[in-house]
Amino acid sequence: MRLATWNVNSLNVRLAHVLDWLVTADVDVLCLQELKLANEKYPHDALQAAGYTSAINGQKTYNGVAILSRLPMADVALDMPDYADEQKRVIAATVAGVRVVCAYFPNGQSLESDKYRYKLDWLDAMHGYMEATLKQHQRVALLGDYNIAPEDRDVHDPKAWEGQVLVSERERAAWQRLIALGLADCYRLFEQPEKSFSWWDYRMLGFRRNAGLRIDHILASPALAPDCRACVIDKAPRKLEKPSDHAPVIADFAVA
DNA sequence: ATGGCTACGATCCGTAGA
Numbered sequence: 027m028r029l030a031t032w033n034v035n036s037l038n039v040r041l042a043h044v045l046d047w048l049v050t051a052d053v054d055v056l057c058l059q060e061l062k063l064a065n066e067k068y069p070h071d072a073l074q075a076a077g078y079t080s081a082i083n084g085q086k087t088y089n090g091v092a093i094l095s096r097l098p099m100a101d102v103a104l105d106m107p108d109y110a111d112e113q114k115r116v117i118a119a120t121v122a123g124v125r126v127v128c129a130y131f132p133n134g135q136s137l138e139s140d141k142y143r144y145k146l147d148w149l150d151a152m153h154g155y156m157e158a159t160l161k162q163h164q165r166v167a168l169l170g171d172y173n174i175a176p177e178d179r180d181v182h183d184p185k186a187w188e189g190q191v192l193v194s195e196r197e198r199a200a201w202q203r204l205i206a207l208g209l210a211d212c213y214r215l216f217e218q219p220e221k222s223f224s225w226w227d228y229r230m231l232g233f234r235r236n237a238g239l240r241i242d243h244i245l246a247s248p249a250l251a252p253d254c255r256a257c258v259i260d261k262a263p264r265k266l267e268k269p270s271d272h273a274p275v276i277a278d279f280a281v282a
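Just remember that this note's numbering sits 26 ahead of the position in the first sequence, which is counted from 1.
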């Protein structure tokens with residue numbers, strides 16, 4: 027079973043990339059973030075024709091998440107039940123016995139911003155949500171754009187980024203609290219190339235200089251992680267014309 | 001050099017992303 031996550035930065039603009047990618051990537055489940063479109067504008071038909079049904083939690087202009095699956099999807103749940111939020115950032119569904127959670131973590135903007143406070147509150151809520159999810163399900167995967175680079179090796183220039191949003195102490199502590207629930211960072215279960223990133227700034231030739239961050243992640247529960255056979259970042263779509271600034275991350279699991 | 005793209009929805013610039 028192959029699970030993937032991709033922040034597409036507008037599904038409207040990126041639909042052709044997603045459709046092309048689904049043909050070659052051979053994934054069973056794809057979690058999308060930053061749809062940036064209202065639910066009524068979601069391209070169900072084009073994705074259905076590609077073999078994927080979608081569970082969606084969208085809104086106009088900002089945010090928005092979806093789970094695409096070519097296997098039957100059950101028990102779709104929108105948002106975090108104990109965290110009232112206008113922003114559509116969370117959706118979950120069960121596929122082949124795996125509880126798949128797709129999340130678009132807040133950016134935070136800067137440490138001085140109200141958005142940073144919101145991010146920390148949201149991270150608290152996500153911890154509680156995952157704690158509850160892990161009590162209800164054995165096999166759980168949390169996929170998405172975390173907007174956190176967990177370690178300095180996930181940052182192209184740790185010195186320049188020191189203390190900034192996406193790498194700050196409190197954000198990394200929140201990541202560690204998720205890890206402390208028993209979740210495993212699938213990417214780090216395997217030997218990986220140096221300077222592996224999943225996001226590159228559109229500006230400053232970020233991608234060409236590999237000036238990026240690894241902020242898109244797949245975490246797996248203790249019952250699921252041992253079945254992970256591989257985890258890779260697919261940089262190919264980032265090389266296309268008018269790309270998303272994020273690359274997809276794929277994890278391959280030895281489960282039915 | 002603190003900017004530099006990109007997307008959106010509003011206008012011909014502001015907000016947001018990371």
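The C-beta atom is built at its ideal place from N, Cα and C for all residues, glycine as well.
Reduced DSSP category for residue i - H, G, I as helix; E, B as strand; rest coil
i, result
"Val34", "coil"
"Thr154", "Per the sequence presented here, residue 154 reads as Gly, with Thr not at that position. Helix, per DSSP."
"Arg196", "helix"
"Ile205", "helix"
"Tyr130", "strand"
"Asp278", "strand"
"Thr79", "strand"
"Arg96", "coil"
"Arg234", "coil"
"Asp101", "strand"
"Asp140", "helix"
"Ala251", "helix"
"Leu169", "strand"
"Leu266", "coil"
"Ala273", "coil"
Other residues of its chain near residue i: CB distance less than 6 angstroms, five sequence neighbours each side excluded
i, result
"Gln113", "Asn89"
"Lys145", "Pro132, Gly134"
"Ala100", "Thr120"
"Leu45", "Ala76"
Bounding residues of the beta strand (DSSP E) (the contiguous stretch that carries residue i)
i, result
"Ala122", "Element bounds for Ala122: n/a, residue is neither H nor E."
"Ile174", "Where Ile174 is concerned, there is no enclosing beta strand (DSSP E), given that its DSSP letter is neither H nor E."
"Cys254", "254-259"
"Ala246", "242-246"
Start-to-end residues for the alpha helix (DSSP H) that takes in residue i
i, result
"Ala186", "184-187"
Close-in-space but distant-in-sequence residues of the same chain around residue i (CB under 7 angstroms, 5 per side omitted)
i, result
"His70", "Ser80"
"Val193", "Ala175, Val181, Trp187"
"Lys221", "His182, Asn236"
"Arg203", "His153"
"Arg198", "Ile174, Pro176"
"Leu266", "His43"
- Touch test, the segment 135-146 against the segment 57-66, Cβ-Cβ under 8 angstroms, three pairs minimum: No contact exists between the segment 135-146 and the segment 57-66.
- Ignoring anything shorter than 3 residues or poking outside the segment 33-70, list the beta strand (DSSP E) runs there in chain order. DSSP runs (the beta strand (DSSP E)) wholly in the segment 33-70: 55-59.
- Task: Determine contact between the segment 224-244 and the segment 149-164, defined as no fewer than three beta-carbon pairs at a distance below 8 angstroms.
- Result: Three or more Cβ pairs closer than 8 angstroms define a contact, and the segment 224-244 falls short of that threshold against the segment 149-164.
- Task: Specify whether the segment 184-191 and the segment 116-132 touch according to this definition: at least 3 beta carbon pairs, one from each stretch, less than 8 angstroms apart.
- Result: Proximity of the segment 184-191 to the segment 116-132 falls short of the contact definition, fewer than three beta-carbon pairs being nearer than 8 angstroms.
- Specify whether the segment 215-230 and the segment 243-259 touch according to this definition: at least 3 beta carbon pairs, one from each stretch, less than 8 angstroms apart. Per the Cβ contact rule, the segment 215-230 is in contact with the segment 243-259 (3 or more Cβ pairs under 8 angstroms).
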